[in-house]
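Residue numbers (the numbering used here): 110 to 525. Glycine included, each C-beta is placed from N, C-alpha and C at the ideal position. Remarks on the structure that follows.
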Ligand SMILES: Cc1cc2nc3c(=O)[nH]c(=O)nc-3n(C[C@H](O)[C@H](O)[C@H](O)COP(=O)(O)OP(=O)(O)OC[C@H]3O[C@@H](n4cnc5c(N)ncnc54)[C@H](O)[C@@H]3O)c2cc1C
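In structure tokens, the structure reads:
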């Protein structure tokens, strides 16, 4: 299965690595994918064991489905895709109760005003600045909208993010879900690829004459390498590059840190568990700027699950302490659904993206002033002998499986 004399080493078997390996195979190039972990898929990972039903620890929607490269691929495979936007019951919890229809409309108006302000500021010709500086602040829903668009969607507060990158990478629907999970779909796409699991690369020698990857698995040499590990892994110097990476590449890596989104997945099959319809989405509106609520997705495909989403600073606070994360989610559940319903939720599964040294966070955002970093990181080095790919490299679909996939394909086309 593994070529003895590969043309290309792909480092990492997440979405970008899988896409790169498929593209290389389609071009008749011999490659080996070196994956440090025990499975393929990376941050797209569906686990059916913890909750006893498919639970996406990472990616769970195909965003911007009409332009998402994985939509047609999934359709070709006959994978069932459901437009979540078309069927989801959207609930908003505010002022200690569920909001009325009129309140939900006024919240939606505040979201529209938020995006109008962001887009106007991103095009006003002024230098880049934190996205928070362009966000409306005085309205009754503004703190809630800022928390939702920042910490909950982008996994980082708006104050930490480049306005220009935030505007350029904003996502629209349709948002598709699938019963077997997005991780299940991505894992299927690795079928038949030459992936060597448990092969963590510790050192990469690179230059005009080729590349050599080294780790406890030994050493493998090829003409070029595509490195798809997260910017969290790169920033931690978990791979020693020899010679060291050029300064612009290193600066780009540090301009694209990972935010954190932690999911706390509960089984909800007790009769007293929160009574929500299938596919419902519940948000609690932040009551003030320092309030950092979680949001919820209920009973996807009718399965007895209730998933809490906790993003940004609050997720970092509870990282590494699954019991604290579970307790925080239970308190949120008590606030929104009542203490009896919260007590009826079973022991949860808590995702661990921050603690896992193969990831070190959820997905990237650009720091203020770092709006050019994605293109810089994607720039091939040594005439294409060393290329970086992954979600952080895509200037439009960053932070998504779509961006990872497209950047993997692009890198595979760039190697000599
Ligand atoms: C909680 C969460 C929710 C998300 N929700 C969505 C969503 O709904 N929709 C969406 O589109 N996206 C979502 N994303 C983002 C999406 O999952 C990622 O953007 C995408 O999967 C990243 O793919 P990648 O190939 O760039 O990186 P990765 O998936 O991180 O792949 C890199 C691979 O490299 C391996 N690796 C690391 N270090 C080494 C080493 N030294 N040697 C060898 N291998 C190594 C890793 O194990 C990993 O398999 C979410 C992510 C998270 C964490």
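Drop a sphere of 10 angstroms on the beta-carbon of residue i, count the other beta-carbons inside from all chains shown, and report buried for 16 or more, exposed for fewer.
| i | result |
| --- | --- |
| residue 380 | exposed |
| residue 302 | buried |
| residue 418 | buried |
| residue 144 | buried |
| residue 441 | buried |
| residue 448 | exposed |
| residue 284 | buried |
| residue 456 | exposed |
| residue 434 | buried |
| residue 371 | buried |
| residue 177 | buried |
| residue 249 | exposed |
| residue 500 | buried |
| residue 193 | buried |
| residue 307 | exposed |
| residue 396 | exposed |
| residue 399 | exposed |
How would you write the range of the beta strand (DSSP E) that residue i sits in, first residue to last?
| i | result |
| --- | --- |
| residue 407 | 404-407 |
| residue 456 | Run containing residue 456: none; DSSP gives neither H nor E here. |
Quick one: grab the DSSP three-state call for residue i.
| i | result |
| --- | --- |
| residue 233 | coil |
| residue 221 | helix |
| residue 239 | strand |
| residue 155 | strand |
| residue 510 | helix |
| residue 200 | strand |
| residue 349 | strand |
| residue 165 | strand |
| residue 207 | strand |
| residue 111 | coil |
| residue 526 | This structure cannot settle anything about residue 526, because the visible part of the chain is limited to 110 through 525. |
| residue 392 | strand |
| residue 518 | helix |
| residue 490 | strand |
| residue 186 | coil |
| residue 383 | coil |
| residue 524 | coil |
| residue 226 | helix |
| residue 176 | helix |
First and last residue of the alpha helix (DSSP H) that includes residue i?
| i | result |
| --- | --- |
| residue 277 | 272-277 |
| residue 294 | 291-297 |
| residue 333 | First-last for residue 333: 333-336, but that is the beta strand (DSSP E), not the alpha helix (DSSP H). |
| residue 251 | 251-256 |
| residue 437 | 431-446 |
| residue 483 | 482-486 |
Which residues does DSSP list as the beta-bridge partners of residue i?
| i | result |
| --- | --- |
| residue 323 | 312 and 328 |
| residue 356 | Residue 356 pairs with nothing; no bridge assigned. |
| residue 192 | 285 |
| residue 123 | 150 |
| residue 141 | 118 |
| residue 420 | 370 |
| residue 497 | 336 |
| residue 415 | 375 and 407 |
| residue 305 | 143 |
| residue 80 | With the chain running from 110 to 525 in the structure shown, residue 80 is simply not present. |
| residue 473 | 367 |
For residue i, tell me which candidate among the options has the shortest Cα-Cα distance.
| i | options | result |
| --- | --- | --- |
| residue 349 | 321, 373, 365 and 371 | 321 |
| residue 453 | 262, 382, 213 and 251 | 382 |
| residue 88 | 376, 326 and 319 | An answer regarding residue 88 cannot be provided, because it is not within the stretch 110 to 525 covered by the chain. |
| residue 374 | 406, 467, 362 and 388 | 406 |
| residue 506 | 398, 132 and 172 | 172 |
| residue 186 | 299, 341 and 234 | 299 |
| residue 245 | 227, 273, 233 and 490 | 227 |
| residue 463 | 497, 369, 410 and 503 | 369 |
| residue 473 | 149, 259 and 525 | 259 |
| residue 263 | 252, 275 and 253 | 275 |
| residue 468 | 345, 516 and 491 | 345 |
| residue 413 | 162, 157, 154 and 134 | 162 |
| residue 104 | 116, 313, 112 and 277 | Residue 104 lies beyond the stretch modelled for the chain, which goes from 110 to 525, so this question has no answer here. |
| residue 532 | 304, 266, 514 and 238 | Residue coverage of the chain in this structure runs from 110 to 525, which leaves residue 532 outside it and unanswerable. |
| residue 295 | 484, 179, 459 and 134 | 179 |
| residue 282 | 197, 362, 155 and 118 | 197 |
| residue 497 | 206, 404, 220 and 334 | 334 |
Does chain C have any CB closer than 8 Å to the CB of residue i?
| i | result |
| --- | --- |
| residue 276 | Going by chain labels, chain C is absent from the structure shown, which holds only one protein chain. |
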